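Inspection log for the structure reproduced underneath, given as structure tokens.
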Amino acid sequence: MNLLYALIASGIVSLISLIGVFALVIKDDLLKKIIVFLVAFAAGGLIGGAFLDILPEAMEYVKDTGQLFIYVIAGFYVFFILEKYLHWRHCHAAQCEVHRFTYLNIVGDIVHNFCDGLIIGAIFLVDVKLGIATTLAIIFHEIPHELGNFAVLIYGGFSKFKALAFNFLSSLFAIAGTLFGYYLSSKINGFVGVLLPAAAGGFIYIAACDLIPELHKEEDGKRSALIMITFTLGIILMNILKTLD
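Reminder that position 107 of the sequence shown reads as 649 in our numbering, one-by-one numbering, no gaps.
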């Protein structure tokens, strides 16, 4: 049953790739105004999910805190490598800079989605409630990411249909990752104890190195205050999910 829940969760994450449709009907000016708040909420959700949900659960599997944080750093480092060498692009704007690595961007997105699925599969095996919270944190991040990724493909020369198709096909690797993560977690002793803190490290990397720098670009005082509130709401939601019975 846990595997079914995990597959449903990764299926929902995959469907987020179709959110690019909304970029076609929302005016660019409006999208530019609201996307920064989606980014702020995503950053808060990822930070909250890492520190309030995943790491406390990981401590049940890894008693040595020194070893635990080595895994966190390893996860952080892996995501750094993905972004550095696979050009895993996170554009959080209505229009993104055109670049020649469009297809390489798709490869990076496939790896990214597979990693998301790997995390979902392993965590649902541990606990369904924790799996739901983690899936929500991933979804919060995927909404602005997929909007930006759709824009990259469009401005890289893809037609709207082709951009949606490639985005969706790459997102299906989340389901493959879920099956792989669930299987490895059930068969390899200690795999969950490594993947949980590594996933937390990955979430921290995305929030701190990718999303939060985008928030610092906002210079308007009122909007900056709303960004901080939205960021805090993302953390609060993760904490609420943790305390639910």
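We treat Cβ as the ideally placed atom computed from N, Cα and C, and that holds for glycine. In this text, all values refer to a predicted model and were calculated from it rather than measured experimentally.
Give me the residue from the options with the minimum Cα distance to residue i.
i	options	result
residue 576	765, 730, 776 and 781	765
residue 702	556, 782 and 564	564
residue 624	604, 652, 599 and 608	652
residue 578	659, 773 and 728	773
residue 681	550, 544 and 546	550
residue 606	561, 735, 619 and 684	735
residue 552	648, 659 and 781	659
residue 587	622, 620 and 674	674
residue 557	699, 709, 546 and 750	709
I'd like to know whether the C-beta of residue i is nearer than 8 Å to at least one C-beta of chain C.
i	result
residue 753	Given the protein chain composition of this structure (a single chain), no chain C is represented.
Cutting at 8 Å between CB atoms, please list the residues of its own chain near residue i, excluding the five before and the five after it.
i	result
residue 596	665, 672, 676, 738, 739, 741, 742 and 745
residue 728	667
Using a 10 Å radius around the Cβ and a threshold of 16 neighbouring Cβ atoms, would you call residue i buried or exposed?
i	result
residue 716	buried
residue 706	buried
residue 627	exposed
residue 731	exposed
residue 758	exposed
residue 686	buried
residue 752	buried
residue 689	buried
residue 589	buried
residue 719	buried
Using C-beta distances below 6 Å, list every residue in its chain close to residue i, excluding the 5 sequence neighbours before and after it, in chain order.
i	result
residue 641	Caution applies to residue 641, whose pLDDT of 49 falls short of 50 and renders its modelled position unreliable; the value that the coordinates give is listed next. Around residue 641: no qualifying Cβ.
residue 723	660, 663 and 664
residue 581	634, 686, 753 and 756
The alpha helix (DSSP H) spanning residue i covers which residue range?
i	result
residue 770	763–785
residue 561	Where residue 561 is concerned, there is no enclosing alpha helix (DSSP H), given that its DSSP letter is neither H nor E.
residue 701	Segment: none, residue 701 is in no alpha helix (DSSP H) and carries neither H nor E.
residue 618	607–627
residue 719	715–729
residue 733	733–747
residue 497	Because the chain in this structure spans residues 543 to 787, residue 497 falls outside the shown range and cannot be described.
Tell me which same chain residues have a C-beta within less than 7 Å of the C-beta of residue i, skipping the five on either side of it?
i	result
residue 780	587, 590, 591, 594, 595, 675 and 679
Is it the case that the region 755–770 contacts the region 600–618, given that we only count it when at least three CB pairs across the two stretches are under 8 Å?
no
The region 605–619 touching the region 712–726, judged by at least three CB pairs closer than 8 Å:
No, they do not touch.
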